[in-house]
Each structure stands twice: as structure tokens, then as C-alpha cells.
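Going by the working numbering, 223 is the number at position 223 of the sequence shown; the sequence numbering is gapless. Here's the structure we're looking at; comments come further down.
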Amino acid sequence: MRYLMTFSYDGTHFSGYQKQPNGRTVQEEIEKQLAKINGNHMVTLHASGRTDAHVHAYAQKAHFDFEGKMDVNRMKNSLNQLLPEDIYITRLETVDDCFHARFDVKAKEYIYKINMGEYNPLERNYVYQYHHNLDISAIVSALHYLEGTHNFRAFTKVDEEKESYERTIYKTSLHCENELLVISFLGSGFLRYMVRNMVGTLIEIGEGKRKSEDIITILESKDRKQAGKIAPPEGLYLNQVYYEEV
Numbered sequence: 001m002r003y004l005m006t007f008s009y010d011g012t013h014f015s016g017y018q019k020q021p022n023g024r025t026v027q028e029e030i031e032k033q034l035a036k037i038n039g040n041h042m043v044t045l046h047a048s049g050r051t052d053a054h055v056h057a058y059a060q061k062a063h064f065d066f067e068g069k070m071d072v073n074r075m076k077n078s079l080n081q082l083l084p085e086d087i088y089i090t091r092l093e094t095v096d097d098c099f100h101a102r103f104d105v106k107a108k109e110y111i112y113k114i115n116m117g118e119y120n121p122l123e124r125n126y127v128y129q130y131h132h133n134l135d136i137s138a139i140v141s142a143l144h145y146l147e148g149t150h151n152f153r154a155f156t157k158v159d160e161e162k163e164s165y166e167r168t169i170y171k172t173s174l175h176c177e178n179e180l181l182v183i184s185f186l187g188s189g190f191l192r193y194m195v196r197n198m199v200g201t202l203i204e205i206g207e208g209k210r211k212s213e214d215i216i217t218i219l220e221s222k223d224r225k226q227a228g229k230i231a232p233p234e235g236l237y238l239n240q241v242y243y244e245e246v
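Shown next, in the form of C-alpha cells:
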């Protein structure tokens with residue numbers, strides 16, 4: 001039986017989502033608990049994608065195959081009792097055996113949080129503590145240039161080799177309340193560090209160091225050196241994963 005899991009996590013004390021030789025990861029923590037309810041037999045989790053160290057998720061998605069018979073609510077409750085407090089399964093459902101949590105993704109939404117007010121030590125792990133004013137109208141204008149289908153090589157990791165750097169950003173938005181700036185990106189998919197590199201560039205635009213239309217030149221350059229400094233991971237959240245057309 002194949003199951004689709006929706007789960008949230010606080011990325012503060014994780015070295016990222018994906019399992020790795022050294023460092024605590026979200027995937028490893030969940031797989032350990034799945035094995036416990038599966039008679040100590042390994043269960044592999046296939047996620048919609050990976051998040052990096054200190055990045056958070058409101059609604060990450062992953063599927064796994066489970067041979068034993070167990071009610072989904074009982075399984076969800078059992079796993080939540082076993083999992084550490086910085087991971088929580090919000091939904092568990094059965095899906096078709098052909099479903100794949102990564103390859104069937106139609107769109108993802110990421111959000112990035114920036115504090116333009118006084119430094120807040122209580123939020124330092126969850127909001128980028130920028131604590132300076134930014135030109136919001138300039139950032140909004142720049143966001144429009146990012147929308148559409150483009151080659152985003154200038155906004156990904158320098159040594160990230162991909163068959164295609166083309167992605168589509170369907171929609172961007174910006175919300176500001178009480179000096180908290182929240183930027184969202186809804187797209188077909190995202191390259192590694194892409195959102196953080198875009199946010200870093202947007203911050204430089206908001207500072208007046210660049211113009212909004214510089215986004216066009218940066219995209220055309222396909223050169224990471226032309227984009228801005230990468231934004232810290234703490235402000236980034238995987239907000240939603242969609243398996244239907246948006």
C-alpha cells in the first residue's frame with residue numbers, strides 16, 4: 001500500500017531534509033520511526049524535494065510503501081507519538097501505487113520572511129533579522145520580472161549542473177504587516193538556493209543598490225555572479241506542494 005504524508009518541521013536543528021552520512025536530517029528521523037511500526041524493516045521516504053539546513057516546512061509531502069495493514073489515523077497518531085517535537089505529520093492518506101511525491105508535483109510555493117524592525121532574538125531562527133527599511137514598491141516591481149518562464153541559472157548554485165535551468169514562476173506576492181515582510185513564490189519547481197538567491201537580489205533592490213529592471217539583465221546573463229548575495233536559510237519555508245494544476 002502506498003501512502004502520502006503531509007508534514008511540517010522546524011528546520012533549526014536539521015542539516016537539511018535529505019538523509020546524509022553526517023548530520024541530523026528530517027528524512028532519517030521519519031524513516032527510523034516508520035521502521036519501528038513496520039517490524040524494524042526499513043521504509044524509504046520519497047519526498048517532493050529536499051530542503052537545506054535550517055529551512056522550514058509548513059506542508060512538505062512524501063510517499064512511502066508499507067506492507068503491513070494499519071488504519072491511516074492509527075499510523076499517523078503512532079508516528080507523531082514517536083517523532084521528535086520538531087516534526088509533525090498533519091495528514092496521512094492512501095494513494096495509487098503509481099503516484100510519486102516528487103515526479104507528480106505540478107507546483108510548489110515557498111515563502112520568505114524578513115523582519116525590517118528591531119532585532120528579535122526570539123525569531124532569529126524563523127525570520128531573517130534584517131532590521132532595516134526596504135523600498136517595498138521597488139521589490140514588487142522586481143518580482144513581476146521574475147514571473148513567467150525563464151532560465152534561472154543565475155539564481156542557482158554555481159556548481160549545480162542541470163539538464164535544464166528553465167523554470168516557471170506562476171505568481172509572486174508580497175505582504176507587509178508590522179515590519180514583517182513576507183514574499184511568496186509559486187512555481188513549477190525551484191533550483192537549489194534559487195529562492196534564497198532571488199530574495200538576496202530583491203533585498204539589494206530594496207536597498208537601492210540595484211534597479212528593479214536589473215532582474216532582466218541578471219536572468220539573461222545566466223551567471224550566478226551577476227545576482228545578489230544569498231539570503232539566510234532561517235527565513236525560508238516550503239509552504240505548499242500541489243499535485244493539481246494551479
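From the three backbone atoms N, C-alpha and C, an ideal C-beta is built for every residue, glycine too.
Limits of the beta strand (DSSP E) - the one that residue i falls within
i           : result
residue 109 : 107 to 115
residue 8   : 2 to 9
residue 63  : 56 to 65
residue 185 : 180 to 187
For residue i, the three-state DSSP class (helix, strand or coil)
i           : result
residue 128 : strand
residue 40  : coil
residue 167 : strand
residue 94  : strand
residue 155 : helix
residue 150 : strand
residue 78  : helix
residue 35  : helix
residue 174 : strand
residue 49  : coil
residue 241 : strand
residue 68  : coil
residue 236 : strand
Spatial distance of residue i from residue j (CA atoms)
i           : j           : result
residue 149 : residue 51  : 23 Å
residue 3   : residue 134 : 44 Å
residue 115 : residue 220 : 31 Å
residue 32  : residue 85  : 15 Å
residue 242 : residue 189 : 11 Å
residue 102 : residue 45  : 11 Å
residue 26  : residue 109 : 19 Å
residue 23  : residue 37  : 24 Å
residue 20  : residue 54  : 15 Å
residue 147 : residue 205 : 16 Å
residue 121 : residue 11  : 17 Å
residue 141 : residue 203 : 13 Å
residue 137 : residue 41  : 54 Å
residue 165 : residue 65  : 31 Å
residue 48  : residue 7   : 11 Å
residue 139 : residue 95  : 40 Å
residue 63  : residue 35  : 14 Å
residue 186 : residue 238 : 10 Å
residue 244 : residue 107 : 8 Å
residue 119 : residue 98  : 48 Å
residue 254 : residue 93  : Absent from the structure is residue 254, since the part of the chain shown begins at 1 and ends at 246.
residue 210 : residue 145 : 14 Å
First and last residue of the uninterrupted alpha helix (DSSP H) at residue i
i           : result
residue 136 : 136 to 146
residue 198 : 194 to 206
residue 220 : 214 to 221
residue 229 : Neither: residue 229 is in no alpha helix (DSSP H) and is coded neither H nor E.
residue 20  : First-last for residue 20: undefined, no H or E at that position.
Test: residue i CB closer than 7 Å to a CB of chain C
i           : result
residue 180 : Here chain C cannot be found, since the structure has a single protein chain.
Proximity test, residue i beta-carbon vs the ligand SAH heavy atom, cut-off 6 Å
i           : result
residue 110 : Because no ligand of any kind appears in the structure shown, any question about the ligand SAH cannot be addressed here.
Meets three-Cβ-pair contact criterion under 8 Å: the stretch 113 to 132 and the stretch 63 to 80: no
May I ask you to verify whether the stretch 160 to 175 touches the stretch 189 to 209, counting CB pairs closer than 8 Å and requiring at least 3? yes
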